[in-house]
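One structure is given here, and the rest of the page talks about it.
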Amino acid sequence: RPAPCSSDPVPVRKRSTPMNPALMFRSSRTLNAVYQRPYRERVIHLLALRSYKKPELLARLQKDGVSFKDRNSLGMILNQVATLNPKDNSYSLKEGFFKDVRKDWPGYSETDKQSLELILFR
C-alpha cells in the first residue's frame, strides 16, 4: 500500500502525554531529599522494609543517586547494620536499628509507610 502523500516531512508525529509539573517537582524534591541524607541512613531505611541482596540494594540506592565518596562503603555499612542470611545471601536490618527508622522518611511511599507501621508494631 503506498504511503499517503503529505506535505509534512515527518510522516508521523508522536504526541507526548502532558506531565503535571507539580508531580515532577514533588518526585524530584523527594529524590533530592533522599540523596542528601547520609548513605548509612538510606541503607537502614531501605532494609527496614524488607531484606535485600547486595546487588539489589546497590541498584535501589543508585536509583536515588550515590555520591562518589559513598560508592565503596556499602559493604562496611551492611556489616554494621545488617545480618547476612547465608541461605539466600540477603541482608536484613539488625533488630537494634529499627529504633532509628523514621516513619516520615522522604523516600517512603504511602504503601511503604503502611508496611512500616506493621513491621514496627511487632
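So in our numbering, the last one in the sequence shown is 232, and the numbering has no gaps at all.
Here a beta-carbon is modelled for each residue, glycine too, at the ideal position from N, C-alpha and C.
Per-residue DSSP class, three states only, for residue i
| i | result |
| --- | --- |
| Lys197 | coil |
| Ser137 | Below a pLDDT of 50, predicted positions are generally treated as unreliable, and Ser137, at 49, falls in that range; the measurement from the model is reported next regardless. Reduced to three states, the DSSP call for Ser137 is helix. |
| Lys213 | coil |
| Leu203 | strand |
| Ala192 | strand |
| Tyr162 | strand |
Own chain residues within Cβ distance below 8 Å of residue i, not counting five before or after
| i | result |
| --- | --- |
| Val191 | Arg150, Val153, Ile154, Leu157, Leu203, Lys204 and Phe207 |
| Lys163 | Asp198, Asn199, Ser200 and Tyr201 |
| Gly212 | Going by the sequence as given, residue 212 is Arg instead of Gly. His155, listed in sequence order. |
Residue j beta carbon less than 7 Å from that of residue i
| i | j | result |
| --- | --- | --- |
| Leu167 | Asp222 | no |
| Gly175 | Tyr145 | yes |
Same chain, Cβ closer than 6 Å to residue i, neighbours up to 5 away in sequence not counted
| i | result |
| --- | --- |
| Asp180 | Tyr149 |
| Thr193 | Ser202 and Lys204 |
| Pro165 | none |
CA-to-CA distance, residue j to residue i, given in whole angstroms
| i | j | result |
| --- | --- | --- |
| Gln224 | Ser177 | 29 Å |
| Ala169 | Asn142 | 17 Å |
| Ser183 | Arg147 | 15 Å |
| Ser161 | Met186 | 17 Å |
Sequence-distant residues of the same chain with beta carbon closer than 7 Å to residue i, five excluded per side
| i | result |
| --- | --- |
| Ala132 | At Ala132 the pLDDT is 47, less than 50, meaning the model places this residue with poor confidence; the figure from the coordinates comes in the next sentence. Answer for Ala132: no residue qualifies. |
| Asp210 | Ile154 |
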